[in-house]
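Novice:
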Amino acid sequence: MSTLAVERLTTNVGAKVLDVDPTRLATDPDLADQVAEALETHSVLLFPELNADDETLVEFCRKLGKLINFSHLPPETAEVMEISFDPSNPNAEYFASNCFWHIDGLLDEIAPKTSMLTARVTSAEGGETEFASTYAAYDALSDEEKERFADLRVVHTFEAIQRLTYPNPTPEQLTEWASRSVREHPLVWEHDSGRRSLVLGATASHIAGMDIEEGRALLADLQARTTAPEQVCQHSWTNGDTVLWDNTGLVHRVRDFDRNKPRTMHRSTVAGQEKIK
Ligand code: OGA
Ligand code: MN
């Protein structure tokens, strides 16, 4: 199998794919394997102005794994979720927290493996998406830290991420947040591949068994180091761009934009297969 022609975007994360168009996406039998391999290496793949329609994108994603079905949507669009902060979007209240560094699906039993995002309506200013490698973040720890963090476990909650957007929640919000699942994950994920990454981000509430404030300070320090400006790959969107990311090896966020103006992204998500351990 030949490798995908790409150009790195930063040292640790992100690469631009050089020669894929919608026809190749639909017909090249080797492309999915090449993309999966490149995602393991670069964590983020940008297909600039690919201009593929949802159907072609979904068909390609199916070759990467099982797609998550967003079952509240009509069947013909159930594999494409519209991401926008527009109040008419039923998920707008939750998507608002996408502007804080996070890993998708940490409150689910198994976090998704790959996400595909395509820009349909871009914002005039802001609205860039940023990525930072949690593999690189682990690798940059000192030996002493690697040893000290090996057995730490982190409690992730919906409340932790939502509080960042709604610091003064209503009683209804608190009740709804409390109804969501709470998950404890190791701070260091030992992947089946043998690689290790940090598991952190805005859903991280505190460290199990550690003084709450001490744990939060440690998480904040690790997140700051993970997402230091020189570690970040930022993508400024043009309509028709498609980006794939390996959700298991990075944190991501959207930069602020005028929330009164439209910004519409279409997302398809490939289910994960590996529990965090
Ligand atoms: C997401 C997400 C960021 C963006 O879809 O999971 O975080 O730029 N999106 O819209
Ligand atoms: Mn996200």
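Going by the working numbering, 201 is the number at position 133 of the sequence shown; the sequence numbering is gapless.
The C-beta atom is built at its ideal place from N, Cα and C for all residues, glycine as well.
1) Please check the pair Leu287 and Ala272, which I expect to be a contact at CB under 8 Å, by giving their CB distance rounded to whole angstroms.
2) Can you check DSSP and say which residues form a bridge with Glu147?
3) Of the residues Ala94, Asp96, Leu118 and Thr91, which one's Cα is nearest the Cα of Lys84?
4) In or out: Met69 buried (at least 16 other Cβ within 10 Å) or exposed?
5) Mapping DSSP to helix, strand and coil, what is His110?
6) Please determine, among Arg221, Phe153, Leu135 and Leu107, the residue with the shortest C-alpha to C-alpha distance to Lys345.
7) Would you mind giving the Cβ-Cβ distance between Ser362 and His259, rounded to the nearest angstrom? I have them listed as a contact below 8 Å.
8) Taking just the CA atoms, how far does Gly82 sit from Thr202?
9) Check whether the stretch 148 to 156 touches the stretch 108 to 118, taking contact to mean three or more Cβ pairs, one atom from each stretch, closer than 8 Å.
10) With a Cβ-Cβ cutoff of 8 Å, do Leu175 and His224 count as a contact?
11) Measuring from the CB of Asn166, is there a heavy atom of the ligand OGA at a distance below 7 Å?
12) Determine contact between the stretch 119 to 135 and the stretch 321 to 333, defined as no fewer than three beta-carbon pairs at a distance below 8 Å.
13) Pick out whichever of Asp87, Asn137, Arg293 and Asp96 has its Cα sitting closest to the Cα of Leu113.
14) Closest to Leu242 by C-alpha separation, out of Phe226, Pro254, Leu255 and Trp257, would be which residue?
15) What does Pro180 pair with, by DSSP beta-bridge criteria?
Specialist: In brief:
1) To locate residue 287, count along the sequence shown from 1; it is residue 219. To locate residue 272, count along the sequence shown from 1; it is residue 204. Between Leu287 and Ala272, the beta carbon gap of about 5 Å places them in contact (Cβ cut-off 8 Å).
2) To locate residue 147, count along the sequence shown from 1; it is residue 79. For Glu147, DSSP assigns no beta-bridge partner whatsoever.
3) Locating residue 84 in the sequence shown gives position 16, where the first residue counts as 1. Of the candidates Ala94, Asp96, Leu118 and Thr91, the one whose C-alpha sits nearest the C-alpha of Lys84 is Leu118.
4) Here residue 69 refers to the residue found at position 1 when the sequence shown is read from its first residue. Classified as exposed, Met69 has fewer than 16 neighbouring CB atoms from the shown chains inside 10 Å of its CB.
5) Working through the sequence shown from its first residue, we reach residue 110 at position 42. In the three-state reduction of the DSSP assignment, His110 falls in the helix class, which pools H, G and I.
6) Looking up residue 345 in the sequence shown gives position 277. Ranking Arg221, Phe153, Leu135 and Leu107 by CA distance to the CA of Lys345 puts Arg221 first.
7) As displayed, the chain neither begins before 69 nor continues past 345, which places residue 362 out of reach and without an answer.
8) As a first step, residue 202 is located in the sequence shown; it is residue number 134 there, counting from the start. As a first step, residue 82 is located in the sequence shown; it is residue number 14 there, counting from the start. Straight-line Cα distance between these residues: approximately 13 Å.
9) Under the 8 Å Cβ criterion, the stretch 148 to 156 does not count as touching the stretch 108 to 118, having fewer than three qualifying pairs.
10) Counted from its first residue, the sequence shown places residue 175 at position 107. Counted from its first residue, the sequence shown places residue 224 at position 156. For the 8 Å CB-CB criterion, Leu175 and His224 form a contact.
11) By 1-based counting over the sequence shown, the position of residue 166 is 98. For the ligand OGA, a non-hydrogen atom lies closer than 7 Å to the CB of Asn166.
12) As far as the Cβ criterion goes, the stretch 119 to 135 does not touch the stretch 321 to 333, which means the pair count is below three.
13) By one-based count along the sequence shown, residue 113 stands at place 45. Minimum Cα-Cα distance from Leu113 among the listed residues Asp87, Asn137, Arg293 and Asp96 corresponds to Asp87.
14) What you label residue 242 is simply residue 174 of the sequence shown in a count that begins at 1. Answer by Cα proximity: Phe226.
15) Here residue 180 corresponds to residue number 112 of the sequence shown, with the count starting at 1. Pro180 pairs with nothing; no bridge assigned.
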